[in-house]
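Numbering (the numbering used here), first residue to last: 15 to 246.
Notes follow once the structure below has been shown.
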Amino acid sequence: MACRRWNILMAIAPALLIAAGPVQDGPADRPAPLPDGVVASGKPGVPGLYAESRYGDVVVNRELERLETDCRDRGITAKVEGRALQWSGKRQLYRSHGDIAVFDSAPAIATDASACTARLSLRQSVRRMPATRDNLLAAGWTDALPVCKPRSISPRCEDRIVVGLQAKCVHLGDNFVGTTTCYSTRADLSQGLRLASADYSDDGSLPENAWQFDVVMTDALIDSAVFAGAGA
15 MACRRWNILM AIAPALLIAA GPVQDGPADR PAPLPDGVVA SGKPGVPGLY
65 AESRYGDVVV NRELERLETD CRDRGITAKV EGRALQWSGK RQLYRSHGDI
115 AVFDSAPAIA TDASACTARL SLRQSVRRMP ATRDNLLAAG WTDALPVCKP
165 RSISPRCEDR IVVGLQAKCV HLGDNFVGTT TCYSTRADLS QGLRLASADY
215 SDDGSLPENA WQFDVVMTDA LIDSAVFAGA GA
């Protein structure tokens, strides 16, 4: 599932990945938003990390575009139910010192080509697990940042601020085509977390797909209900 999730990329400009910005320095111990359907426990929050991203599914978008194009060629306007959900995907990541929880609402589509209709919905999934090395890797962390040598063509590294965090952005490829991925280097629970990723090409031969977290809180207070059953 982890590989699929990182391949579902939000169609935003890759330049956002390397845009400079202020270092995160907000008020400490901020309550993390609860996922939909989770009831607050009423207990004191658990210190940890909260990250959130909003996205659209590339496969869903292409299928919808193909349906609308085919129907338009037949002189029919496709009827789309739930179009507002096309860009309403949401991934919420929670991490304490002992547990991880990932809540995902992924766009999904059902089409009827003969009737020129489509219905968009959100597919819900939840993963709760102990914060072991393997589970952290599956949730988007790396345990070994790439090493870049001076004047190396690939990989090349840059220190940047991404989503308010100090990060190392690693360019795999050359000046013409490749991938840029940014990892947090902050010395807290975010260290090694993949913050953003983008494909690039100078001639437009690759789609300018990019993804990044919209929010990362390294000083969150997480309701214990979020992790219920994580160690089971």
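Cβ atoms here follow ideal geometry from the backbone N, Cα and C, with glycine treated the same way.
Problem set entry | residue 88 (DSSP reduced to helix, strand or coil) | coil
Exercise. Can you name, in chain order, every residue of its own chain whose Cβ lies under 6 angstroms from the Cβ of residue 130, other than the five neighbours on each side?
Worked result: 85, 90, 92
Exercise. Can you give the Cα-Cα distance for residue 142 and residue 176, rounded to whole angstroms?
Worked result: 26 angstroms
Exercise. How is the beta strand (DSSP E) around residue 147 delimited, first residue to last?
Worked result: Where residue 147 is concerned, there is no enclosing beta strand (DSSP E), although the alpha helix (DSSP H) it sits in stretches over 147-153.
Problem set entry | 8 angstroms contact criterion, which residue 115 and residue 227 should meet: CB distance rounded | 16 angstroms between Cβ atoms; not a contact.
Exercise. Can you tell me the Cα-Cα spacing of residue 15 and residue 154, whole angstroms?
Worked result: Its pLDDT being 38, under 50, residue 15 is placed unreliably by the model, and the measurement read from it follows with that caveat. About 11 angstroms.
Exercise. If you follow the beta strand (DSSP E) that residue 125 is part of, which residue opens it and which one closes it?
Worked result: 113-126
Exercise. Three-state secondary structure (DSSP) at residue 74?
Worked result: helix
For this session: Tell me whether the beta-carbon of residue 230 lies closer than 8 angstroms to the beta-carbon of residue 211.
Result: no
Exercise. For residue 83, is the classification buried or exposed, using 16 other Cβ atoms within 10 angstroms of its Cβ as the cut-off for buried?
Worked result: exposed
Problem set entry | Given residue 206 as reference, the closest of 214, 213, 196, 215 once Cα atoms are compared | 196
Problem set entry | Spatially closest choice to residue 178 from 199, 191, 170, by CA coordinates | 199
Exercise. Using DSSP with H/G/I as helix, E/B as strand and the rest coil, what is residue 208?
Worked result: strand
For this session: Have a look at residue 77 and residue 134 and give me their C-alpha separation to the nearest angstrom.
Result: 11 angstroms
Exercise. Excluding five sequence neighbours on each side, which residues of the same chain lie with their C-beta closer than 6 angstroms to the C-beta of residue 138?
Worked result: 119
For this session: Give the range of the beta strand (DSSP E) segment to which residue 225 is assigned.
Result: 224-226
Exercise. In this structure, does DSSP put residue 168 in helix, strand or coil?
Worked result: coil
Exercise. Considering residue 182, what are the terminal residues of the beta strand (DSSP E) in which it resides?
Worked result: 179-187
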